[in-house]
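Residue numbers (full-length UniProt numbering), protein chains in the order written: chain A, 1 to 233; chain B, 1 to 290.
Idealized CB from N, CA, C, for every residue including glycine.
The block underneath contains the structure these notes are about, expressed in structure tokens.
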Amino acid sequence: MLTVENLRARYGRIEVLHGIDLTVNSGEIVTVVGANGAGKTTLLRCLSGIQPITDGRVVFRGETYVTTPAHKRLRHGLAHSPEGRQIFTNLSVEENLRLGAFLYDDDRVARDMDEAFALFPMLREKRNLAAGGLSGGQQQMLAIARALMGRPACLLLDEPSMGLAPLLVRQIFDVVTGLKALGVTVLLVEQNAFGALKVADRGYVMETGRIAMEGPAEALIADPRIREAYLGI
Amino acid sequence: MDALMQFVFSGVTVGAVYALVALGFTIIYNASDVVNFAQGEFVMLGGMITVFAHLAGLPLPLAALGAILATAALGVALNRLAIEPARGAPVVSVIIITIGASILIRGAAQLIFDKQLHGLPAFSGDDPIRVMGATILPQSLWVIGGALAVFVGLWAFFTRTLTGKAVLATSNNRTAAQLVGINTGWVMTLAFGLSAAIGALAGVLVTPITLVSYDVGVGLALKGFAAAMLGGMGNPKGALAGGILLGLFEALTAGYVSSHYKEAVAFIVILGVLFAMPQGLFGRAGTERV
Ligand SMILES: Nc1ncnc2c1ncn2[C@@H]1O[C@H](COP(=O)(O)OP(=O)(O)OP(=O)(O)O)[C@@H](O)[C@H]1O
Ligand SMILES: [Mg+2]
């Protein structure tokens, strides 16, 4: 469904992605784990089109992206829930969700919103409140729900567990697992390698702008090098 | 009593012009957090282009429509050529760019048109209407009606339409706006085109009363800015209320104190708002949480 070939990206003169190759098949949950500053966020930004790439290409459902803008990629079904949630803090919860479906104006929008409320009942209670007033965990749920309103075939999810209490982290990972049942393919980026590998089918390990290792999630969890470097066991 | 009514009428008329300028500020501010100080030049262009197109033989409504469209196109060009290239620069730098643009537009207008004062025929004649012991010009009603119509239109746009929400979303978080599928470049085009058109409309409506020349934009931008600050930057309700209030303050100062102090009113309002209530009357309270 998603193929990345030799992708390079830079900030100013400093290259931070040095040729990334990666694939995500339809229906999979794939995770990219790695330390602080490895380039995981940059990778997702390049995939969704909010950051230019300097070399390589992205192929999504048969379309090749080099400079394609983000709104066209979303129309093809590639959505991105970015690092740090990036919700519209000045707008209400409901307005955030409605804008998630900005590309659409049909009966399905109302149904999708009901589904989002069913998935996160807390959002229904707070629908008329300014999104900036939600707690961190609630903002993360809103960010995921907003991305789902865009009817993604594939969701790029950046550090959904960041800064959340352990109970909420579990809840978020349950939601990620649940996306599979909704027919959404997921590319999940996490520093919480253990949590991510437990819900994923396959994983990539990223180190300073390169893919250092890849394989089935169970194999990576069992790998002694990974256990030492990322899982702290 | 009759004198008071007279001051109120003239204050509301002038205030409606300030409100129109302030409403123009609102859209660009909502899309980009930038205060566009070239907004006053749009008013000037609306008046000047209409005058010269009318002199060239075009019927007034056609001349006015042409002026509004041409000014809107200039607003879009301003965004493309001067504002977009500075994207990512601090807001203050962008505001300074708009000041530079306003100087450029003024200079060009002086060359292309002239330095004379020009008027237009009033749309519905010049016979004053008597109301409650005072008189009001029919053209004043056009100005006030125009401000009300633009206000209602903008209010509906921002609260009732998805496109209006997309404008708000773009200023709130540009990256997130792109990620929900909003073409943020197009939103900026829309904001500048619409703001410029509203400014030009103000120029068309007010020229029969106040006359127009190449240099009326600076003062109007300042007054509109004071009005927008007073009402709360970014809020159409605030722009309307702020404009009318500022016009009333000015007219009452001129009437009961001295017309010498009239011009100082806007400055005093700006300072007062900055010190006492930076959010303005209807300003949005920040609800950021990081
Ligand atoms: N806006 C920026 N300007 C310059 N350099 C940047 C910028 N954003 C990130 N970088 C650098 O690019 C590299 C990759 O950063 P990136 O945010 O993609 O890493 P990450 O894997 O997502 O890290 P984290 O786990 O902390 O979120 C880092 O060295 C970082 O310092
Ligand atoms: Mg990151």
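Which residues in chain A have a C-beta closer than 7 Å to the C-beta of Q178 (chain B)? List them in chain order.
Within the second sequence, the letter at position 178 stands for residue 178 (chain B). Within chain A, the residues near Q178 (chain B) are I50, A70, H71.
Would you report the Cα separation of E288 (chain B) and K126 (chain A), rounded to the nearest angstrom?
As a working note, residue 288 (chain B) is residue 288 in the second sequence. As a working note, residue 126 (chain A) is residue 126 in the first sequence. Because the pLDDT of E288 (chain B) is 36, which lies under 50, any placement of that residue in the model is unreliable, and the number read from its coordinates should be weighed accordingly. The straight-line gap from Cα to Cα measures roughly 16 Å.
Just jot down, in chain order, the residues whose CB lies closer than 7 Å to any heavy atom of ligand 2.
A:K40, A:T41, A:E83, A:D158, A:E159, A:V189
Near-chain B residues of the region 136 to 161 of chain A - C-beta to any C-beta below 9 Å:
G136, Q139, A143, R146, A147, M149, G150
For the alpha helix (DSSP H) containing T64 (chain A), name the first residue and the last one.
Residue 64 (chain A) sits at position 64 when you count from the first residue of the first sequence. No alpha helix (DSSP H) holds T64 (chain A); the beta strand (DSSP E) holding it covers 63 to 65.
Taking CB distances under 8 Å as the criterion, tell me whether L99 (chain A) reaches chain B.
Position 99 of the first sequence, counted from the first residue, corresponds to residue 99 (chain A). Taking Cβ atoms only, chain B reaches closer than 8 Å to L99 (chain A), which makes this a yes.
In chain order, what residues of the same chain lie with their CB nearer than 7 Å to the CB of D21 (chain A), ignoring the 5 residues before and after it?
For the purposes of this step, residue 21 (chain A) is taken as residue 21 along the first sequence, with counting starting at 1. Only V4, E5, N6, I211 meet the Cβ criterion.
Members of the region 161 to 193 of chain B near chain A, C-beta cut-off 7 Å
L162, K165, A166, L168, A169, N172, N173, T175, A176, Q178, L179, V180, G181, I182, N183
Suppose the cutoff is 7 Å on Cβ atoms and the five residues either side in sequence are ignored; what does the same chain contact list for V290 (chain B) look like?
Locating residue 290 (chain B) in the second sequence gives position 290, where the first residue counts as 1. Here the model assigns V290 (chain B) a pLDDT of 33, short of 50, so the residue's position is not dependable, and the following value carries that caveat. There are no such residues.
The region 46 to 64 of chain B / the region 203 to 214 of chain B touching (three or more Cβ pairs under 8 Å):
In short, these stretches touch, since the Cβ pair count reaches three.
Taking 7 Å as the cut-off, does the CB of V109 (chain A) come closer than this to any heavy atom belonging to ligand 1?
If you number the first sequence from 1, residue 109 (chain A) lands on position 109. No, since every heavy atom of ligand 1 falls outside the 7 Å radius drawn around the Cβ of V109 (chain A).
Measure the C-alpha to C-alpha separation of S92 (chain A) and M141 (chain A) and round it to an integer number of angstroms.
Within the first sequence, residue 92 (chain A) is the residue found at index 92, counting from 1. Within the first sequence, residue 141 (chain A) is the residue found at index 141, counting from 1. Near 14 Å, if we compare the C-alpha coordinates of M141 (chain A) and S92 (chain A).
Taking 8 Å as the CB-CB cut-off, is F120 (chain A) touching chain B?
Position 120 of the first sequence, counted from the start, is the residue given in the question as residue 120 (chain A). Not closer than 8 Å to any Cβ of chain B, the Cβ of F120 (chain A) fails to qualify, so no.
Please confirm if N128 (chain A) has its CB atom under 8 Å from at least one CB of chain B.
Position 128 of the first sequence, counted from the first residue, corresponds to residue 128 (chain A). False, the Cβ-Cβ gap to chain B never drops below 8 Å.
Coarse secondary structure for F88 (chain A), derived from DSSP in three states
Locating residue 88 (chain A) in the first sequence gives position 88, where the first residue counts as 1. DSSP places F88 (chain A) in coil when its eight states are reduced to three.
Return no unless some Cβ of chain B is closer than 8 Å to the Cβ of P224 (chain A).
Counted from its first residue, the first sequence places residue 224 (chain A) at position 224. It does not: the Cβ of P224 (chain A) has no partner Cβ on chain B nearer than 8 Å.
Any chance the CB of N96 (chain A) is under 7 Å from a heavy atom of ligand 1?
Here residue 96 (chain A) is taken as the residue at index 96 of the first sequence, counted from 1. No.
By the criterion of Cβ-Cβ separation under 7 Å, what are the contact partners of R75 (chain A) in chain B?
Translated into positions along the first sequence, residue 75 (chain A) becomes position 75. Under the 7 Å cutoff, chain B gives G181.
Residues of its chain near A226 (chain B), where Cβ-Cβ distance is below 7 Å and the 5 sequence neighbours each way are ignored
Indexing the second sequence from 1 puts residue 226 (chain B) at position 226. Within the same chain, A226 (chain B) has close Cβ partners L246, A266, V269, I270.
Please specify which runs of the alpha helix (DSSP H), each continuous and at least 4 residues long, are wholly inside the region 161 to 237 of chain B, giving them in chain order.
162 to 172, 174 to 179, 184 to 210, 217 to 231
Please name the residue, chosen from B:G181, B:I97, B:L201, B:I95, that lies closest to A19 (chain B) on a Cα-to-Cα basis.
Along the second sequence, read from residue 1 onward, the residue named residue 19 (chain B) stands at position 19. Per the Cα distances, B:L201.
By the 10 Å Cβ neighbour count, where 16 or more other Cβ atoms means buried, how is G145 (chain B) classified, buried or exposed?
Here residue 145 (chain B) corresponds to residue number 145 of the second sequence, with the count starting at 1. Counting other Cβ atoms within 10 Å of its Cβ, G145 (chain B) stays below 16 and is therefore classed as exposed.
With C-beta atoms as the reference, is G19 (chain A) less than 8 Å away from R8 (chain A)?
The residue given as residue 19 (chain A) occupies position 19 in the first sequence. The residue given as residue 8 (chain A) occupies position 8 in the first sequence. The answer is yes: Cβ separation under 8 Å.
Count the other CB atoms within 10 Å of the CB of L99 (chain A); is the residue buried (16 or more) or exposed (fewer)?
Against the first sequence, residue 99 (chain A) aligns to sequence position 99. Flag for L99 (chain A) reads buried.
In chain order, which continuous runs of the beta strand (DSSP E) of length 3 or greater are located wholly inside the region 121 to 208 of chain A?
154 to 158, 185 to 190, 202 to 207
Taking DSSP as the reference, what is the three-state secondary structure of R98 (chain A)?
In the first sequence, the residue the question calls residue 98 (chain A) occupies position 98. Shown here, R98 (chain A) sits in a helix according to DSSP, grouped into three states.
Which partner residues of H118 (chain B) appear in the DSSP bridge assignment?
In the second sequence, residue 118 (chain B) corresponds to position 118, counting from 1. Bridge partners of H118 (chain B): B:V212.
Let me check you understand the geometry: is the CB of Y11 (chain A) closer than 7 Å to at least one non-hydrogen atom of ligand 1?
Taking the first sequence and counting its residues from 1, one reaches residue 11 (chain A) at position 11. Y11 (chain A) Cβ: within cutoff of ligand 1.
Would F60 (chain A) count as contacting chain B if we go by Cβ distances under 8 Å?
Here residue 60 (chain A) corresponds to residue number 60 of the first sequence, with the count starting at 1. For F60 (chain A), not one C-beta of chain B is nearer than 8 Å to its own C-beta.
Along the alpha helix (DSSP H) that carries S102 (chain B), what are the first and last residues, could you check?
By 1-based counting over the second sequence, the position of residue 102 (chain B) is 102. Note, S102 (chain B): alpha helix (DSSP H), 91 to 112.
With a cut-off of 8 Å, do at least 3 Cβ pairs link the region 238 to 254 of chain B to the region 212 to 228 of chain B?
yes
Could you have a look at E288 (chain B) and say whether DSSP puts it in helix, strand or coil?
Along the second sequence, one-based indexing puts residue 288 (chain B) at 288. Residue confidence for E288 (chain B) is low, a pLDDT of 36 falling below 50, so the modelled location carries little weight; the figure read from the coordinates is stated next. Residue state, collapsed to three classes: coil.
State yes or no: is the beta carbon of I194 (chain A) nearer than 8 Å to at least one beta carbon in chain B?
Here residue 194 (chain A) refers to the residue found at position 194 when the first sequence is read from its first residue. A small fix is needed here, since residue 194 (chain A) is Phe in this sequence, not Ile. Not one chain B Cβ lies under 8 Å of F194 (chain A).
Euclidean distance between Cα positions of G37 (chain A) and E190 (chain A)
For the purposes of this step, residue 37 (chain A) is taken as residue 37 along the first sequence, with counting starting at 1. For the purposes of this step, residue 190 (chain A) is taken as residue 190 along the first sequence, with counting starting at 1. Those two C-alpha atoms are separated by around 12 Å.
Element boundaries [beta strand (DSSP E), containing Y11 (chain A)]
The count along the first sequence starts at 1 and reaches residue 11 (chain A) at position 11. Run containing Y11 (chain A): 2 to 11, per the beta strand (DSSP E) assignment.
So the beta strand (DSSP E) D55 (chain A) belongs to, where does it begin and stop?
The count along the first sequence starts at 1 and reaches residue 55 (chain A) at position 55. Here the beta strand (DSSP E) through D55 (chain A) covers 55 to 60.
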